[in-house]
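Step one of this worksheet: look at the structure below.
In our numbering, the protein residues as written are -16 to 275.
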């Protein structure tokens, strides 16, 4: 009985101690609708150092130490007052999550059930209807003059050509015509990472990009990251890595306050229009403010 009481007292003491540290608590993940996984946590009420942002990590293995974190790219960077996030995954693997608090540096403590999930979570398996599969396999005939519901694929032969690696100042100036449609409300943009860059690859161009991001960009060494990324895009690397590298160059230029250079970089990212539009708009807004 005495041992039990001592254990309870120890747990309460430990909980009170950690409550003062800038570490999130009660991290939980659960499958949502469709491809969504819902992640929630509790923020410390009175941390001894103010939290500036949160880094959310995802892995296919339980995250039990900060050493594992150093081998991962953050899934997303979130504002300090965030207490939930909805992830979107493409498969039925088990996923584990961890949230690391940042003050002036990462608070490099990982505690299972506090800031790291205990169990893996996966999407519920979808039941397949045999009749639906049969219908999908049946060829649909179209009467003459009737348009297809889904058009035949368009072969973009020109896309295989090497795109120009530089954008002229005139091109950047022409994009400023869009500034009128940009909201005047200044948005705080947190670092964005692509899905392909979250886990260390085995090798090749993807591994080089991952190492640059992990050792410079994630640590907010934007000048160093900018330099190394520019060296990377001048190498003979594959198109996908080239596009993502230019996007990260744009981010580094934005954080360094070089908004015109940021626009030049984002314009060269042809494959991610949804992501680049937000950053181009933010860069143009900063340019318009500086010109006033």
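Each residue gets a CB set at the ideal place from its N, CA and C atoms; glycine is no exception. As the structure is a computational prediction, the values presented were derived from the model and not from experiment.
Just list the beta strand (DSSP E) runs in the stretch 29 to 81, keeping only unbroken ones of 3 residues or longer that don't cross its boundaries, in chain order.
36 to 42, 59 to 62 and 67 to 71
Kindly indicate which residue of 35, 19, 181 and 16 has the alpha-carbon position closest to the one of residue 43.
Scanning 35, 19, 181 and 16 for the CA closest to the CA of residue 43 turns up 181.
Assigned exposure category for residue 17 - 16 Cβ within 10 Å defines buried:
exposed
Could you work out which residue in 204, 93 and 74 is closest to residue 4 when comparing CA atoms only?
93
For residue 11, name the three-state secondary structure that DSSP assigns.
The answer is strand: DSSP assigns residue 11 an E or B state.
Once you ignore the five residues that flank residue 45 on each side, which residues in its own chain have a CB closer than 7 Å to its CB?
79
Comparing C-alpha positions only, which one of 89, 12 and 75 sits nearest to residue 330?
Any property of residue 330 remains undetermined from this structure, which presents the chain solely from -16 to 275.
Contacts around residue 242, its chain only, beta-carbon distance under 6 Å, and the 5 residues preceding and following it disregarded:
266, 269 and 270
Paired residues, beta bridge with residue 19 - DSSP:
71
Beta carbon of residue 66, beta carbon of residue 35: below 9 Å?
no
Could you give the DSSP three-state label for residue 256: helix, strand or coil?
Under the three-state reduction of DSSP output, residue 256 falls in the helix class.
Contact under 9 Å by Cβ, residue 7 with residue 102:
no
What would DSSP say about residue 104, mapped onto helix, strand or coil?
Residue state, collapsed to three classes: strand.
Beta carbon of residue 249 nearer than 9 Å to that of residue 262:
Yes. Within cutoff.
So, are the CB atoms of residue 221 and residue 188 less than 9 Å apart?
For the pair residue 221 and residue 188, the CB atoms are nearer than the 9 Å cut-off.
Whose CA, out of 72, 47 and 195, lies closest to the CA of residue 58?
72
Through-space distance from residue 233 to residue 244, alpha-carbon basis:
7 Å
Leaving out five residues on either side along the sequence, give the residues of the same chain with a beta carbon under 6 Å from the beta carbon of residue 215.
The residues are 228.
Could you confirm whether any beta carbon from chain D is found closer than 9 Å to the beta carbon of residue 90?
The chain labelled as chain D is not found in the depicted structure, where only one protein chain is given.
Enumerate in chain order the residues of its own chain whose CB-to-CB distance from residue 86 is below 7 Å, with the five nearest sequence positions on each side excluded.
5, 32, 33, 34 and 35
Grouping DSSP H, G and I as helix and E and B as strand, with all else coil, what is residue 220?
coil
Report buried or exposed for residue 264, applying the criterion of at least 16 other Cβ atoms within 10 angstroms of its Cβ.
buried
Going by DSSP, what residue range makes up the alpha helix (DSSP H) through residue 247?
242 to 250
By the DSSP assignment, the alpha helix (DSSP H) with residue 189 in it spans what residues?
187 to 195
Per DSSP, which one or two residues make a beta bridge with residue 25?
8
Pull up the distance between the alpha-carbon of residue 76 and that of residue 14, whole angstroms please.
12 Å
Is it true that the CB of residue 183 sits closer than 9 Å to the CB of residue 197?
Yes, these two residues count as a Cβ contact at 9 Å.
If you drop the 5 nearest sequence neighbours on each side, which residues of the same chain put their C-beta closer than 6 Å to that of residue 258?
none
Flag this pair as yes or no: are the beta carbons of residue 20 and residue 70 separated by less than 9 Å?
Yes, they are a contact pair.
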